Amino acid sequence: MLQARLLAAVSLVLSGVGGVAHAEERFLLAADNQVIEVNRAGRVTDALVGLGHSGIYEAWRLPDGGIAYVHRGGLAVFDVEKRQVLAHAARPGGKGTEANSCAVLEGGSRFALMDSGVSQIRVVDRSGNVLSETALPEVEEGGLHSRYRTIR
130 MLQARLLAAV SLVLSGVGGV AHAEERFLLA ADNQVIEVNR AGRVTDALVG
180 LGHSGIYEAW RLPDGGIAYV HRGGLAVFDV EKRQVLAHAA RPGGKGTEAN
230 SCAVLEGGSR FALMDSGVSQ IRVVDRSGNV LSETALPEVE EGGLHSRYRT
280 IR
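Okay, so the sequence shown: first residue is 130 according to our numbering, each after it adds one.
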């Protein structure tokens, strides 16, 4: 009897009945000059638009509900209220200026930015302080845009 009640309770929880909410699976899209979040049905559930950045290559939803993304000109981080709390610029190098990828570190308190212009990965904190710089091997073939793509 107890086992049957337990199974029934687990079934209710898993089905979302009884006031238990389950997080809806969503996807965050980097879409050139905006960041869009869609659900499994393709419905837009959130968006960051009119940001003044182009070439948004990658976006991350942060544990605190904010969004971080990398754009051609560097790294941008927004809080849950959609206020920009960090802007870290890509640096000009021999082939030009372009950032291509970022990785969210330590639950969103730090970020690794892949800066193709200077062939470097920089780790910065939310205050914009540079914590480390890692030189990347020079890639002679191709231009700046195809030099490096993604870090994880």
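Glycine included, each C-beta is placed from N, C-alpha and C at the ideal position. Owing to the predicted nature of the structure, the values given are computational and were not obtained by experimental measurement.
Cα-Cα separation between residue i and residue j, rounded to whole angstroms
i      : j      : result
ASN162 : GLY223 : 26 Å
VAL268 : ILE250 : 14 Å
ARG278 : HIS182 : 18 Å
ILE185 : ARG255 : 19 Å
CYS231 : GLY246 : 14 Å
THR263 : ASP244 : 10 Å
LYS211 : ARG155 : 18 Å
VAL259 : GLY171 : 38 Å
ARG276 : SER248 : 9 Å
ARG220 : GLN213 : 20 Å
Reduced DSSP category for residue i - H, G, I as helix; E, B as strand; rest coil
i      : result
GLY222 : strand
GLU262 : strand
GLY236 : helix
SER230 : strand
ALA160 : coil
ILE165 : strand
HIS182 : coil
THR174 : strand
ASP244 : strand
Same chain only: Cβ atoms within 7 Å of residue i, ignoring 5 sequence neighbours per side
i      : result
ARG190 : LEU157 and ILE196
GLU187 : ALA159, TYR198, VAL199, SER230 and CYS231
LEU177 : GLN163, VAL164, ILE196, PHE207 and LYS211
ASP175 : GLU166
Pair within 9 Å by beta-carbon distance, residue i and residue j
i      : j      : result
VAL252 : LEU242 : yes
GLY75  : THR226 : Outside the displayed range of the chain (130 to 281) lies residue 75, so it cannot be described from this structure.
The ligand COA heavy atom lying under 8 Å from the CB of residue i
i      : result
ARG220 : With respect to the ligand COA, the structure offers nothing, as it holds no ligand at all.
Sequence-distant residues of its chain with Cβ nearer than 8 Å to residue i (five each side left out)
i      : result
VAL173 : ILE165, GLU166 and VAL167
LEU234 : PHE240, ALA241 and VAL252
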